[in-house]
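> Below is a structure I'd like to ask you about.
Numbering (our numbering), first residue to last: 24 to 599.
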């Protein structure tokens, strides 16, 4: 429909007229048959009537969904979402109401800045850019070559697990760093009622570089400069034009020594136990802690298990994850926007020293953004900091004290993306290995006739789940963070950040990822998107890069497959 005149048409248009530019597909025979049935059942006289019926049905159905949403919230939390603006604000109010835990806010700007400096998000990186499996579960198994598996593991509700641990809530104070050494830090009790956040210097011994290169401890934000990337990366850049490289700060696990590194004490204990050396303690912030969020997390987890619809399952998952987001809220990024309807009012605001920018919406309406003259730092960001730190404890502990401890150099990390780890492992039978340590795995989604099927750890937070549900992975191609493909006997799992799902599903194939890696090419695709400008909705066609083999988070080796973490001694000594 592109003109109002079409609303006067007295017959349902042919199936060929129902084409979606967003999905790039024509209407299915089943959907078109449904449209004909609706036209007949409601005695539709024109396309305009059909349109109005659709809009009315859509609004009424959404109203029913929202009313059901309200009932679920009132039943479980005694809160009405109609009185709250966003789902994170609902989740935050629900957790505070259920826990009844008072949270102390910082009165010291130094403490707030200290925590703010240490906040680091999830780790996402490609460690090895290509791998091919060879094992008895695959058709083309070669028994004369080493038996290798590719396994894609995901931590169940990673942040939910972290939020179930002891978290800070008050009594924050600086204490003397002189009283702390390695032995004292390692002897701190895991469930202590007093927690600590340290600012330390750490040394990364060179003897750990080979073992730790896949997944270095103590990740930090690093400014990636041109002189840091490898010759292989430079060749790739020349293909795209070297001017395209922009120095940028990214969260990058690396093997460099750490200076003034802010870290939660449980992370520091793990890092020291795995070989990092403590060279200096600069500051120590102590506080009281307890698992005050655990009842709320467990309640939502149990409700999700009992949920009878996908809506309820997603809802209770969202109510857990959204709490983490509120603990990380950065009030510095809040906007101060004022709508004005007169020229006189606009001139007055533009002349103010706090004026930042404006946007004309219509001839009689404009939005003016002002710089906040006063910011109230009233969010408990220390909770978000500790949640992020604890999530890394679970992931690092699994990698080093489970996978690496068992397989050593027989296990290579292919990629990680916050709560997932994908490995290439040389072993006779990965599933027999898993059976020996079934307590750390959730195999409830495996086929019921599989030897490892068990509901013992179903949805248990902190357990690791095989994302392919025992389906063997044949081949992996990783181009850069959040851009990879995995091939199985009957499907392809593909991701490409910034690319529409339709393009990924319909246009990108595993072979495209492989070609991009081998030929060091970037590919562009047309994408159709719906965008809003000044509250007017447009359909926009974009031609943008879909796949690119350039990755500056790692030092890529000459074979364009292996990589080193920055800081590796072989980079510095040119022993590659």
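C-beta: ideal position from N, C-alpha, C; glycine also. Source: prediction; values computed, not measured.
(1) Going by DSSP in three states, residue 493 sits in which element: helix, strand or coil?
(2) Can the beta-carbon of residue 151 be found closer than 7 Å to that of residue 543?
(3) Less than 6 Å between C-beta atoms, sequence neighbours within five positions excluded: which residues of the same chain meet that for residue 443?
(4) Could you check where the beta strand (DSSP E) with residue 305 kicks off and where it finishes?
(5) Tell me the residue span of the alpha helix (DSSP H) that contains residue 117.
(6) For the structure I just gave you, are there three or more beta carbon pairs, one from the stretch 180 to 196 and one from the stretch 405 to 414, closer than 8 Å?
(7) Using 7 Å as the threshold, is the C-beta distance between residue 171 and residue 157 below it?
(8) Quick one, which of 219, 335, 334 and 404 has its alpha-carbon nearest residue 286's?
(9) Do residue 208 and residue 293 have their beta-carbon atoms positioned less than 7 Å apart in this structure?
(10) In this structure, does DSSP put residue 223 in helix, strand or coil?
(11) Where does residue 104 fall in DSSP's three states?
(12) Going by the beta-carbon positions, is the gap between residue 314 and residue 117 smaller than 7 Å?
(13) Return the chain-ordered ranges of every alpha helix (DSSP H) run that is complete within the stretch 359 to 440 and spans a minimum of 4 residues.
(14) Can you list, in chain order, the stretches of the alpha helix (DSSP H) that have 4 or more residues and sit fully within the stretch 522 to 557?
(15) Could you tell me which residues DSSP puts in a beta bridge with residue 284?
(16) Is it buried or exposed for residue 564, if we count other Cβ within 10 angstroms and need 16 for buried?
(17) Measure the CB-CB distance between residue 516 and residue 509 and report whether it falls below 7 Å.
(18) In angstroms, rounded to a whole number, what distance separates the CA positions of residue 153 and residue 499?
(19) Roughly how many angstroms lie between the CA atoms of residue 194 and residue 310, to the nearest whole one?
(20) Skipping 5 residues on each side, what residues in its chain have a beta carbon closer than 8 Å to that of residue 464?
(21) Could you tell me the distance, in whole angstroms, from the CA atom of residue 567 to the CA atom of residue 535?
(22) Whole angstroms are fine: how far does the CA of residue 212 sit from the CA of residue 204?
(23) Closer than 6 Å by C-beta to residue 303: which residues in its own chain qualify, once you throw out the five before and the five after it? Chain order, please.
(24) Which residue from 137, 344 and 297 puts its Cα closest to that of residue 18?
(25) Can at least three beta-carbon pairs, one atom from the stretch 399 to 406 and one from the stretch 352 to 367, be found at a separation below 8 Å?
(26) Does residue 549 pass the burial test, meaning 16 or more other C-beta atoms within 10 Å, or should it be called exposed?
(27) Check the C-beta distance from residue 585 over to residue 149 and give it rounded, since I have them as a contact under 8 Å.
(28) If we count the other Cβ atoms within 10 Å of its Cβ and call it buried at 16 or more, is residue 431 buried or exposed?
(29) Applying the criterion that 16 or more other CB atoms from any shown protein chain within 10 Å of the CB defines a buried residue, is residue 123 buried or exposed?
(30) Residue range of the alpha helix (DSSP H) that residue 509 falls in?
(31) Measure how close the beta-carbons of residue 268 and residue 260 come, nearest whole angstrom, since I'm counting them as under 8 Å.
(32) If you reduce the DSSP assignment to three classes, tell me which class residue 471 lands in.
(33) If I measure Cβ to Cβ from residue 102 and keep anything under 8 Å in the same chain, skipping five residues before and after, which residues do I get?
(34) Hey, which unbroken runs of the alpha helix (DSSP H) at 4 residues or more fall wholly within the stretch 210 to 265?
(35) Grab the span of the alpha helix (DSSP H) containing residue 501 for me, first residue to last.
(36) In whole angstroms, what is the alpha-carbon distance linking residue 375 and residue 108?
In short:
(1) coil
(2) no
(3) 177
(4) Note, residue 305: beta strand (DSSP E), 300 to 313.
(5) 110 to 122
(6) They touch, by the three-pair rule.
(7) yes
(8) Proximity to residue 286 across 219, 335, 334 and 404 peaks at 219, based on C-alpha coordinates.
(9) no
(10) strand
(11) helix
(12) no
(13) You should have 366 to 373 and 404 to 421.
(14) 524 to 529 and 533 to 542
(15) 223
(16) So residue 564 ends up on the exposed side.
(17) In terms of Cβ geometry, residue 516 and residue 509 form a close pair [threshold 7 Å].
(18) Answer to the nearest angstrom: the Cα atoms are 6 Å apart.
(19) So the alpha carbons of these two residues sit roughly 5 Å apart.
(20) 457, 475, 480, 486, 487, 488 and 489
(21) 16 Å
(22) The alpha-carbon of residue 204 is positioned some 15 Å away from that of residue 212.
(23) The residues are 224.
(24) Missing from the structure shown is residue 18; the chain here goes from 24 to 599 and no further.
(25) yes
(26) exposed
(27) Contact flag wrong, Cβ pair sits at about 11 Å.
(28) exposed
(29) Flag for residue 123 reads exposed.
(30) Note, residue 509: premise wrong, no alpha helix (DSSP H); beta strand (DSSP E) at 506 to 510.
(31) 6 Å
(32) coil
(33) 96, 113, 116, 117 and 120
(34) 232 to 235 and 254 to 263
(35) First-last for residue 501: 498 to 503, but that is the beta strand (DSSP E), not the alpha helix (DSSP H).
(36) Looking at the two C-alpha atoms, the distance is approximately 30 Å.
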